[in-house]
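Its first residue numbered 23, the sequence shown is counted upward by one per residue in the numbering used here. Beta carbons are placed, not taken as given, at the ideal position from N, Cα and C, and that holds for glycine. Data block below; observations after.
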Amino acid sequence: MVGEKQRHVERGIRGIMQELMGNPYALETVYISVIVFAGQAQLFVPLTDVCMFSMPSLPVGSGTALAEGLKLLMRELDCSVTKTTRENKGDWKPIVFLFTDGIPTDNPDATIQKWRNEYANRATLVAVSIGEHANTQLLCRLTNNVLRLNKTDDASFSSFFSWVTASIEMSSASLESSGDGEARLPDASGINLEKVTESSSYKTKEDGLILLGQCAQKKEYYLLRFSDAEGSSGDFVLEQCYRIDKESYLALSGKQDVAQHVSSDRLYGKTGASYACPCCGNRVCLVFCGDCGKISCSDGHKAECPWCGNAGVLGTGGAIDVARAQG
Ligand SMILES: [Zn+2]
Ligand SMILES: [Zn+2]
23 MVGEKQRHVE RGIRGIMQEL MGNPYALETV YISVIVFAGQ AQLFVPLTDV CMFSMPSLPV
83 GSGTALAEGL KLLMRELDCS VTKTTRENKG DWKPIVFLFT DGIPTDNPDA TIQKWRNEYA
143 NRATLVAVSI GEHANTQLLC RLTNNVLRLN KTDDASFSSF FSWVTASIEM SSASLESSGD
203 GEARLPDASG INLEKVTESS SYKTKEDGLI LLGQCAQKKE YYLLRFSDAE GSSGDFVLEQ
263 CYRIDKESYL ALSGKQDVAQ HVSSDRLYGK TGASYACPCC GNRVCLVFCG DCGKISCSDG
323 HKAECPWCGN AGVLGTGGAI DVARAQG
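What follows is the structure, given as structure tokens:
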């Protein structure tokens, strides 16, 4: 997840925390943990008391390794949640929200089976497709609670996160009274949240694409987000560039991404728009290396590829195979 959607999720989680801090039940009972996954999974915030929780900016990575995310979740359920034994009353059943907007780039079949067999009854899993591109069929194999946020504008996100907050509050309150049982989910009518079943369709083709660039001067990384050109011609139009943190990007991205390639003559900027490098302000952020096919920025005169050191001819056009970043 990158760009606006990611900022919405960050803001959403901060909003949830603020709300829970004002709720005496939640304050006493709720602990939060955040796992992120792209090409790899990371325990981003370990299980923390609500009042100690602070939400850093979410990292960005290439890939959607659902299996890795689930494996880490299962490990966390093993280590951080205390089971009830005959002698000890353990923790309450956790509620897990899985947010995803992409098609898995790994094969999660075996992991989903393991989840179903050994973990499904130990947590209430709510899977949420952000937009129409998550593989909801796959998510339905994980849990009966699969929802889709159809619109991803400000108002939809804000009402959606209020609903997530209400789910957490409801489950903490119901646990307070009954001490056990399945978390109940609040009514989702009135918000753009649709209950999805195994037979619901989803879009199998991602909109647009994301490419990785490196600043020729500062050697920092940035992402270039393209949308599909009108008329589904197979061309892409550059919409936005984001500067990203190189270290966390590398840490979260897949070690061996399945290379998806796109020809550089399919990539366009909008006429008259300016696309400066988000790291150094160089005039152009979309220059291809004729040697390695990777993208960097240029002031329009000097051109040395920061990826491979090639100082030869770099172009903004012509057909060069460019490796795609994933999800
Ligand atoms: Zn630059
Ligand atoms: Zn190069």
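{"Item": "In three-state DSSP terms, what is D321?", "Value": "coil"}
{"Item": "Hey, out of Q236, F248, T174 and E191, whose CA is closest to I213's CA?", "Value": "T174"}
{"Item": "Please work out which residues of its chain come closer than 7 Å, Cβ to Cβ, to D250, disregarding the five sequence neighbours upstream and downstream, and give them in chain order.", "Value": "D229, G230 and F258"}
{"Item": "Does ligand 1 have a heavy atom nearer than 8 Å to the CB of N304?", "Value": "yes"}
{"Item": "Among all residues, which have a Cβ less than 6 Å from at least one non-hydrogen atom of ligand 2, and in what chain order do they fall?", "Value": "C311, D313, C314, K316, C327, W329, C330 and N332"}
{"Item": "Using only CA atoms, which one of M74, G44, L88 and Q40 lies nearest to M352?", "Value": "The question about residue 352 has no answer, for the chain in this structure spans 23 to 349."}
{"Item": "For V300, is the classification buried or exposed, using 16 other Cβ atoms within 10 angstroms of its Cβ as the cut-off for buried?", "Value": "Correcting the residue type first, residue 300 is Pro in the shown sequence and not Val. Under this definition P300 is a buried residue."}
{"Item": "Using DSSP bridges, identify the partner residues of E216.", "Value": "R170"}
{"Item": "For ligand 3, is there a heavy atom less than 8 Å away from the beta-carbon of C162?", "Value": "With respect to small molecules bound, the structure shown includes ligand 1 and ligand 2 and not ligand 3."}
{"Item": "Using a Cβ-based criterion (distance less than 8 Å to any ligand heavy atom), does A238 qualify as near ligand 1?", "Value": "yes"}
{"Item": "Report the residue from V56, E41 and S55 whose alpha carbon sits nearest the alpha carbon of L49.", "Value": "E41"}
{"Item": "E326 by DSSP, collapsed to three states: which one?", "Value": "coil"}
{"Item": "Quick one: residues in its chain with C-beta nearer than 8 Å to the C-beta of E32, no 5 flanking neighbours on either side, listed in chain order?", "Value": "M77, S79 and L80"}
{"Item": "Count the other CB atoms, across all protein chains shown, that sit within 10 Å of the CB of S320; report buried if there are 16 or more and exposed otherwise.", "Value": "buried"}
{"Item": "Grouping DSSP H, G and I as helix and E and B as strand, with all else coil, what is F75?", "Value": "coil"}
{"Item": "Please name the residue in T70, M96 and Y244 whose C-alpha comes closest to that of V82.", "Value": "Y244"}
{"Item": "Answer with buried or exposed for S286, where buried requires no fewer than 16 other C-beta atoms within 10 angstroms of its C-beta.", "Value": "buried"}
{"Item": "Where does C311 fall in DSSP's three states?", "Value": "strand"}
{"Item": "Going by other Cβ atoms of all chains shown within 10 Å of its Cβ, with 16 needed for buried, is H155 buried or exposed?", "Value": "buried"}
{"Item": "How far does the alpha helix (DSSP H) with E26 in it extend, from its first residue to its last?", "Value": "G25 to M43"}
{"Item": "Counting C-beta neighbours from all protein chains within 10 Å, is the total for K316 16 or more, i.e. buried, or is it exposed?", "Value": "buried"}
{"Item": "Answer yes or no: do A273 and Q64 have a C-beta to C-beta separation smaller than 9 Å?", "Value": "yes"}
{"Item": "Among residues of its own chain, excluding the 5 on either side of V103, which ones have a beta-carbon nearer than 7 Å to its beta-carbon?", "Value": "D113 and P116"}
{"Item": "DSSP state of S189, grouped into three classes?", "Value": "helix"}
{"Item": "For L88, report the span of its alpha helix (DSSP H) as first-last.", "Value": "L88 to S102"}
{"Item": "For T122 versus S151, is the C-beta distance shorter than 9 Å?", "Value": "yes"}
{"Item": "Please classify I38 as buried or exposed, where buried requires at least 16 other C-beta atoms within 10 Å of its C-beta.", "Value": "buried"}
{"Item": "Kindly indicate which three-state DSSP category I134 falls into: helix, strand or coil?", "Value": "helix"}
{"Item": "I'd like to check one pair, C327 with Q239: are the Cβ atoms closer than 9 Å?", "Value": "no"}
{"Item": "Verify whether the separation of the beta carbon atoms of Y140 and M96 is less than 9 Å.", "Value": "Per the sequence shown, residue 140 should be read as Glu rather than Tyr. Contact flag set, yes."}
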